[in-house]
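Below: one structure, written as structure tokens.
Residue numbers (this note's numbering), protein chains in the order written: chain A, 1 to 77; chain B, 1 to 77; chain C, 1 to 157; chain D, 1 to 157.
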């Protein structure tokens, strides 16, 4: 299974792109693990995940259609 | 002594003018007494006095140069 | 309008700024006022309050306009005091106040309060407090003129 | 801009209104928005908040502009929720919100929140709460671009 991730703000500097594909992430915990392996700088970054436009704070199951967003603290306005 | 009074808002309807001269008012209490004699409708009106642009709540001595304002509740804005 | 002075000589040596304008405050005037602040690049937030004349229906009669009168000299001194109080309480960069005199039709603007600061909180709080103090303390009166040309004196809430 | 819809399908069957505009919010746009409300003669008070880009100096480098990006779909849904919450909490007649995307130069306006009600208190409180919620809840990011074209990501207070 491939999971498509959209990336925002300063995290685009770490990822080097505003999108990303991760393989075999069945839930958000394993996704985060995978991401931090690939991008160690994420360990020191503040960010939250949204799955299908809802913020998630607990481990959440993903399916092939899930839209994942990687978001640093908001700074609009 | 003549005291010049300026009149505002709904009080102009009672006084029939936006200014007024009262004779022999040595202080604000006697001025008010004189006014209510001449314009009994003032008894039922809410208003405050300003002497030289300062609101007065206690009896205040007047002199010939005092500017007296008769003011109903403010309703600007 | 900024440079038109009041009729009184100043408190603390400064002349109070005039705040009164004849008739309604135009949207284009508000836009110009906002635009002028683009050169003040230390400002991060503006708060604006606009008072608009309502076409209230009272005993079956609709308000067509409000005609404002003021004890101008006293109002300008009072506004000067309010301004100094607000500037000493909040970390403001600027404040502008305009109040109509004469007739303002329903739907038009009769009060424009505009505060600016580096951060939003000071601007927002200062604007609200200034509006409340203007309503409570400025010797200004509104005469609600109905469509049939009769009138009643406005009562403030 | 009012009629441009968001990219998402609506919550509760309604499409969220778009709030994003490309570049700065012009003073003339604000004036037009105010002017349009002159036909709503049940309005007695408008409250407006404007966010302006500051030319902050950070480590000796001056901010020339902020470039805004957003997770638009999510932001529009969130803004729709905020709007519904505010309308159910306050006795508002209308609310308009515009937020910039892309570059906004120092001195220009990047956020315009506009609330109107019959009486001032609802408009003022609703405007303040809407601004706070926008700052806290909308997935929008600002990139502070310095005069020398380097940048840093903005941190919200």
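Where a beta carbon is used, it is the ideal one built from N, C-alpha and C, also for glycine.
Given the structure is predicted, the values throughout are model-derived calculations rather than measurements.
Under a criterion of Cβ atoms nearer than 8 Å, the residues of chain A adjacent to residue 68 of chain D are, in order, 76.
Close CB contacts of residue 59 of chain A within its chain, under the 7 Å cut and outside five residues either way in sequence, are with 27, 28, 29 (chain order). The three-state secondary structure of residue 28 of chain C, taken from DSSP, is helix. Interface flag for residue 148 of chain C against chain D is unset, since no Cβ pair is found closer than 8 Å. At a beta-carbon threshold of 8 Å, the residues of chain B lying near residue 140 of chain C are 74, 75, 76, 77, ordered along the chain.
Residues of the segment 82-111 of chain C whose Cβ lies closer than 8 Å to any Cβ of chain B, in chain order: 99, 110, 111. One Cα belongs to residue 127 of chain C, the other to residue 115 of chain C, and the distance between them is close to 6 Å. By the beta-carbon neighbour count (other beta carbons within 10 angstroms, threshold 16), residue 73 of chain C is buried. With fewer than 16 other Cβ atoms inside 10 Å of its own Cβ, residue 89 of chain C counts as exposed.
In the structure shown, residue 35 of chain C adopts helical secondary structure according to DSSP, grouped into three states.
DSSP places residue 40 of chain C outside any alpha helix (DSSP H), giving it a letter other than H or E.
The Cβ atoms of residue 102 of chain C and residue 152 of chain C do not sit closer than 8 Å to each other. Measuring C-alpha to C-alpha distances from residue 71 of chain A to each of A:56, A:77, A:37 identifies A:56 as the nearest. At a beta-carbon threshold of 7 Å, the residues of chain A lying near residue 156 of chain D are 73, 74, 75, ordered along the chain.
Straight through space, the alpha carbons of residue 78 of chain C and residue 133 of chain C are spaced by roughly 10 Å. In the structure shown, residue 85 of chain C adopts helical secondary structure according to DSSP, grouped into three states. Proximity of residue 69 of chain B to chain C, defined by a Cβ-Cβ separation below 8 Å, is satisfied. If only complete runs of 3 or more residues are kept, the segment 101-139 of chain D shows the beta strand (DSSP E) at 109-117, in order along the chain.
Only residues of its own chain outside the window of five on either side were considered, and among them 86, 115, 116, 117, 122, 123, 126 have a CB closer than 8 Å to the CB of residue 92 of chain D, listed in chain order. Under a criterion of Cβ atoms nearer than 7 Å, no residue of chain B is adjacent to residue 44 of chain C; the nearest Cβ is some 27 Å distant. Rounded to whole angstroms, the separation of the alpha carbons of residue 46 of chain B and residue 155 of chain C is 11 Å.
Within 8 Å of the CB of residue 133 of chain D, no CB atom of chain C is found; the nearest one sits about 13 Å away. Contact between the segment 59-73 of chain C and the segment 52-65 of chain D is absent: fewer than 3 CB-CB pairs across the two stretches fall below 8 Å. Neighbours of residue 30 of chain D in chain C, taken as residues whose beta carbon is under 7 Å from its own, are 31, 34 in chain order. Under the Cβ distance rule, residue 2 of chain B does not count among the residues neighbouring chain C, no pair being separated by less than 8 Å. The beta carbon of residue 74 of chain C falls within 8 Å of a beta carbon belonging to chain B, placing the residue at that interface. Residue 50 of chain A is positioned such that its CB atom lies closer than 8 Å to that of residue 69 of chain A. Straight-line spacing of the CA atoms in residue 75 of chain B and residue 45 of chain C works out to 29 Å. Here the alpha carbon of residue 129 of chain D sits roughly 17 Å from the alpha carbon of residue 19 of chain D. Between residue 51 of chain D and residue 17 of chain C, the alpha-carbon positions lie close to 26 Å from each other. The beta-carbon of residue 41 of chain C is placed less than 8 Å from the nearest beta-carbon of chain D. At least one CB atom of chain D sits nearer than 8 Å to the CB of residue 128 of chain C.
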